[in-house]
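Just below is one structure, and these are the notes that go with it.
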Amino acid sequence: MPEQDKYYDPLRRKWVAATPEEKVRQWFIGVLRDSAGVPEWLMMSEVQMKAGSKPWRADIMVYSRNGNPLAVVECKRPDVQIDAAVAEQALRYHSVQQVAYIFLTNGKDTYAYMRSGSAFLPLDRIPTYSEMIQQCPQ
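Residues in the sequence shown are numbered consecutively from 11, following our numbering.
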């Protein structure tokens, strides 16, 4: 595959296929790094996890400074609507990782949620990494 058909994923440290979903994932890694101030070394992409016998893969995970899961990001292609099914997918990852934040994006629409007790409350923006850590000291 020619290089123009690939994106460099700084989290996986390798070139990956330039799919529409990958374009959204790479854009959102940049948002987290450049706008929210999340250090690259505290993010991972394509994180595998298992609940029971079913394997799942989160698009992006953000970790606290001591390595605990802090946020999960579910990325979709721009033509996929962010709906209840997408939210349920992110909640499945939460059931395994117990994150404090969930972010859903298709590159056009982005939704942010913060855990409050057993519920997730909508936020009006992506919090900075400092705000995430302050809200959820670990």
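For every residue, glycine included, the Cβ atom is placed at its ideal position computed from N, Cα and C.
ask   = Which residues bound the beta strand (DSSP E) around W37?
value = For W37, there is no enclosing beta strand (DSSP E); the enclosing alpha helix (DSSP H) has its first and last residue at P30 to G40.
Residue span of the beta strand (DSSP E) that contains R67, given as start and end = R67 -> beta strand (DSSP E) spans K64 to Y73.
message = As a quick exercise: from Q145, C146, A81 and I143, pick the residue whose alpha carbon is nearest that of Y121.
response = The shortest Cα separation from Y121 among Q145, C146, A81 and I143 belongs to A81.
P79 beta carbon less than 8 angstroms from that of V34 = no
ask   = In or out: Q14 buried (at least 16 other Cβ within 10 Å) or exposed?
value = exposed
query = Sorted by chain position, which residues of the same chain lie with C-beta nearer than 7 angstroms to D19's C-beta, five sequence neighbours on each side aside?
reply = V26, Q36 and S55
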